[in-house]
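Shown next, in structure tokens, is the structure this report addresses.
This is how it looks when you write it as structure tokens:
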């Protein structure tokens, strides 16, 4: 395999046959549609129930619609998709289980909390680069109402939220990766797999603080493994650290002598307008980085406006059970290097 | 890729550099220790709490202990394990998150319900065969008390269980896969990735019936993809169909003109003595197939008693939320072809 890819450092892989993102689709909810990226999503659904009678069925319908749209936009035959790498935030991945059953595609169910889109892209790229598949789909979703119901309070309580809290994005992003293509939106040239990082944070209303140390660890590992400096990237884009977590990340990097302030972007900060939308620290959920990837990051790479991006979806392993038992909230983050297709593109 | 492995049929891969299982460890609970396989487990823990103060911490302690034991038995340095592919049954994979945080190994968190050990072995083998890692760990666990608490009734209720119900295994199995080795317990020569199969079963106390159609689908796919007949295998071993699901599987195969009755084995049936242990249809949980793999299947392959086994962990995507909303219970099963190392072993 020396021929197909190369282990780089402790936790990274370089791909010699970089998988190409040939299609991407994003479907978002009404609130996301009213935000700064509203016009960039492929579809904005005004009905939070997506025409179903439960929040969970709504999230499944969201996944199904996004998957179908990515297939349609790519002009791909469903039967040519060899594997599906997907997940969501719900127990037993029910949004994915029920949302993808009709696709009849071999499925790898993943759980990385809000880092799931990173995990899906990474495993999908590993499969394509190794020649295990010609075309695969990577997908992740979240829904504000299913997440609040599972992790926090019934919506009807109208609970007050502290300023460090984030707002779970209703949205789904789906990407199709293909091998040995000359054109596409971007290529995946390397990946860095994150490890669990437990910084001892116990505040479930401050997930940014729980995830920032994991993002820091993965970014540092990526730079070390690939032996590059932070400015090798046009952007280092985290998933859903929000305002609080982003500040912590920038500070942690600064302590290491790295200034990422100018090149750092966070999908959770991008997706809402905090002045107009009352979302406090920003957006979160697997769907947050997934829709921002499809609606904003990939188009910028396609246009060549950015040449190289380190995409780092971040996850907080929040569980009501472990939280109520007094446990901390460990974090994880996965890094995916996305590059402009360039002249060969 | 053509050089390292080959796509076979619709959902299978053949490995040209078969990853070798160089170490395996099993830790089981007291009830499992009293069952027919009791003497085969590496460790039987008499304390269901594993020295902690909650069921969830107990399951994390179980994972940690099993991982450490697999590392120790293999004479491996922890730092040489490049990736961990792991999961459990709990929401947000808390047994894995907290159980593996100290390992500090890049983690792919997986959810395939009780098929997780199959998913972990499959992805681990794909990574090793592709040259992405020299050594990786695949691990899955379950705990009777955490599963009952999450999926069914508080234990204190002393609920009656129908005869079709299974008993969640308290146990963890951990396997270390390595590349390009001449000796080991067994090698993984091919894998078949399952898809979600929804047979419309709505009885959460009959998970065998929910999973049997998925097992059937994956076994048929495997035979078709590899272009072999069922008797190419010495054993076809399902995860936790139990007595009811196993009968359905054998019947479904029979309708296809295949007689697997003599070569079929089910980990859920193996692990308990239904006459003495009041476990009804058998054992279940991610830990069920994981411990039976490590304690019984791999030793038989090492001894050459079996030359070729199709190992098919089965999962039922049961969720209390979707179940209470009237949804069915889809199933999934993943197939892993395990072979005797033979003369080269």
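Residue numbers (my numbering), protein chains in the order written: chain A, 1 to 345; chain B, 1001 to 1345.
Backbone N, C-alpha and C define an ideal beta-carbon position, used for all residues, glycine too.
None of the values given here were measured: they were computed from a predicted structure.
Item to check | residue 106/A: contacting residues in chain B (beta-carbon distance under 7 Å) | outcome: Annotation: Cβ neighbours of residue 106/A in chain B (cutoff 7 Å, chain order): 1011, 1193, 1194, 1195.
Checklist entry - Closest Cβ-Cβ distance between residue 239/A and chain B: below 9 Å? => result no
Checklist entry - Since residue 1269/B and residue 1243/B are thought to touch, with beta carbons under 8 Å apart, how far apart are those beta carbons, to the nearest angstrom? => result 6 Å
Checklist entry - Taking the alpha-carbon positions, what's the residue 115/A to residue 1274/B distance? => result Roughly 42 Å between the two C-alpha positions.
Item to check | Straight-line gap, residue 135/A to residue 113/A (C-alpha atoms, nearest Å) | outcome: Residue 135/A and residue 113/A: Cα-Cα distance of roughly 25 Å.
Next on the checklist: Between the alpha carbons of residue 240/A and residue 1109/B, how many angstroms are there, rounded?
Outcome noted: 19 Å
Checklist entry - Does the beta carbon of residue 1020/B come closer than 9 Å to any beta carbon on chain A? => result So, not an interface residue.
Item to check | Nearest-angstrom beta carbon gap, residue 99/A and residue 73/A [assumed within contact, 8 Å] | outcome: Cβ-Cβ separation between residue 73/A and residue 99/A: approximately 18 Å, too far for a contact (criterion under 8 Å).
Item to check | The alpha helix (DSSP H) enclosing residue 118/A, as first and last residue numbers | outcome: 116-129
Next on the checklist: So with CB distances below 9 Å, who are the chain B contacts of residue 7/A?
Outcome noted: 1082, 1131, 1132, 1133, 1134
Next on the checklist: If distances are taken between C-alpha atoms only, which option among 1167/B, 1101/B, 1120/B comes closest to residue 1288/B?
Outcome noted: 1167/B
Checklist entry - For residue 70/A, which of helix, strand or coil comes out of DSSP? => result helix
Checklist entry - residue 1327/B touches chain A at which residues, Cβ-Cβ below 7 Å? => result Chain A residues near residue 1327/B: 98.
Checklist entry - Less than 9 Å separating the beta-carbons of residue 253/A and residue 216/A? => result yes
Item to check | Contacting residues, own chain, Cβ-Cβ under 7 Å from residue 214/A (five flanking each side not counted) | outcome: 194, 197, 314, 331, 332, 333
Checklist entry - When DSSP labels each residue in this structure, what does residue 1062/B get in the three-state scheme? => result helix
Next on the checklist: So with CB distances below 7 Å, who are the chain A contacts of residue 1101/B?
Outcome noted: 196, 198, 330
Next on the checklist: Suppose only complete runs of 3+ residues qualify. What are the beta strand (DSSP E) ranges in the segment 1272-1327 of chain B, listed by chain order?
Outcome noted: 1308-1312, 1314-1316
Checklist entry - When the distance is taken between beta carbons, is residue 62/A closer than 9 Å to residue 95/A? => result yes
Next on the checklist: I'd like the list of long-range same chain contacts for residue 258/A, defined as Cβ closer than 7 Å, with 5 residues on each side in sequence excluded.
Outcome noted: For residue 258/A, where only same-chain residues beyond five positions count, the Cβ hits under 7 Å are 230.
Next on the checklist: Against chain A, does residue 1034/B count as a neighbour if the rule is that its beta carbon must be under 9 Å from one of theirs?
Outcome noted: no
Checklist entry - Under 9 Å between C-beta atoms, does residue 113/A make it to chain B? => result yes
Next on the checklist: 9 Å is my cut-off, CB to CB: does residue 244/A come that close to chain B?
Outcome noted: no
Checklist entry - Should residue 16/A be labelled buried (16 or more other beta-carbon atoms within 10 Å of its own) or exposed? => result So residue 16/A counts as exposed.
Item to check | Residue nearest to residue 183/A in terms of C-alpha spacing, selected from 176/A, 14/A, 22/A, 12/A | outcome: By alpha-carbon distance to residue 183/A, the top candidate from 176/A, 14/A, 22/A, 12/A is 22/A.
Checklist entry - Is the shortest distance between the beta-carbon of residue 1054/B and the beta-carbons of chain A less than 9 Å? => result Closer than 9 Å to some Cβ of chain A, the Cβ of residue 1054/B qualifies, so yes.
Item to check | Those runs of the beta strand (DSSP E) which lie wholly inside the segment 2-56 of chain A and span at least 3 residues | outcome: 5-8, 12-15, 20-28
Next on the checklist: Quick check on the DSSP output: what are the complete beta strand (DSSP E) runs of length 3 or more inside the segment 1134-1158 of chain B, in order along the chain?
Outcome noted: 1135-1142
Next on the checklist: My assumption, with CB atoms under 8 Å, is that residue 1175/B sits in contact with residue 1024/B. Please give the rounded CB distance.
Outcome noted: Under the criterion of beta carbons closer than 8 Å, residue 1175/B and residue 1024/B qualify as touching, at roughly 5 Å.
Next on the checklist: Considering only DSSP beta bridges, list what residue 179/A is partnered with.
Outcome noted: BP columns for residue 179/A are empty, so no partner.
Checklist entry - Under 8 Å Cβ-Cβ, which residues of chain A neighbour residue 1119/B? => result Within 8 Å Cβ-Cβ: 108, 109.
Checklist entry - When the Cα of residue 1031/B is compared with those of 1310/B, 1048/B, 1082/B, which residue comes out closest? => result The shortest C-alpha separation from residue 1031/B is found at 1048/B.
Next on the checklist: Here's the rule: buried if 16 or more other CB atoms are within 10 angstroms of the residue's CB, otherwise exposed. What is residue 12/A?
Outcome noted: buried
Item to check | Range covered by the beta strand (DSSP E) that runs through residue 243/A | outcome: First-last for residue 243/A: 242-255, but that is the alpha helix (DSSP H), not the beta strand (DSSP E).
Item to check | chain A contact for residue 1044/B (CB, 9 Å cutoff) | outcome: no
Checklist entry - In its own chain, which residues sit with a C-beta less than 7 Å from the C-beta of residue 1206/B, not counting the 5 before and 5 after it? => result Answer for residue 1206/B: 1164, 1244, listed in chain order.
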